[in-house]
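**Q**
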Amino acid sequence: MADRLSNLIEESVKMSTDWNRKLDLLGEMADVIDLTLVEDKIIKPHPKFKKSDTSGYRLLEHAYKEILDELPDELLIAPNWDQIYLEGFVANYVKNGVDSETWLGFLNLEGNIGKD
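Per numbering that gives the first Met the number 0, the sequence shown starts with residue 0, numbered consecutively.
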């Protein structure tokens with residue numbers, strides 16, 4: 000994955016790279032991470048999503064739910080003081096309180112059917 004990300008990261012940290020391009024690069028980085036998660040069979044293959052005008056490209060949050068759905072409940076909490084309660088609530092809600100299709104709606108991720 001480092002080979003796929005290194006050029007994107009190098010371009011993104013240059014002062015000469017404008018902010019719109021930096022945002023595009025973040026989306027490209029998310030695509031690389033997502034592709035790697037699929038290749039490594041951590042998440043299932045899925046249609047390519049399109050960006051939302053209002054909330055950007057929430058692709059990795061899609062992977063977050065899929066990964067949480069596979070974890071046993073005792074692994075849902077990250078032990079860091081008050082973060083325990085915040086993450087415990089979010090992880091439990093994402094895993095047990097909302098179905099995958101509704102979660103994609105919250106993230107404004109729509110399938111980009113017929114396009115790469």
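Note that the Cβ used here is the ideal one computed from N, Cα and C, for glycine as well.
1) Which complete alpha helix (DSSP H) runs does the region 22-74 hold, if anything under 4 residues is left out?
2) Going by C-alpha to C-alpha distance, which of Y84, A90, S5 sits closest to L75?
3) Classify L17: buried if its beta carbon has 16 or more other beta carbons within 10 angstroms, exposed otherwise.
4) Would you mind sorting Y84 into buried or exposed? The rule is 16 or more other CB atoms within 10 Å of its CB.
5) Hey, how far is the Cα of D30 from the Cα of K47?
6) Classify M28: buried if its beta carbon has 16 or more other beta carbons within 10 angstroms, exposed otherwise.
**A** Inspection of the coordinates gives the following:
1) 58-69
2) Within the sequence shown, residue 75 is the residue found at index 76, counting from 1. Residue A90 is the option with its Cα nearest to L75.
3) In the sequence shown, the residue the question calls residue 17 occupies position 18. It should be pointed out that residue 17 corresponds to Asp in this sequence rather than to Leu. Under this definition D17 is an exposed residue.
4) Translated into the one-based positions of the sequence shown, residue 84 becomes position 85. Per the 10 Å Cβ criterion, exposed.
5) Start at 1 with the first residue of the sequence shown, and residue 30 comes out as number 31. Start at 1 with the first residue of the sequence shown, and residue 47 comes out as number 48. Cα to Cα, D30 sits roughly 9 Å from K47.
6) To locate residue 28, count along the sequence shown from 1; it is residue 29. M28 is buried by the Cβ-count criterion.
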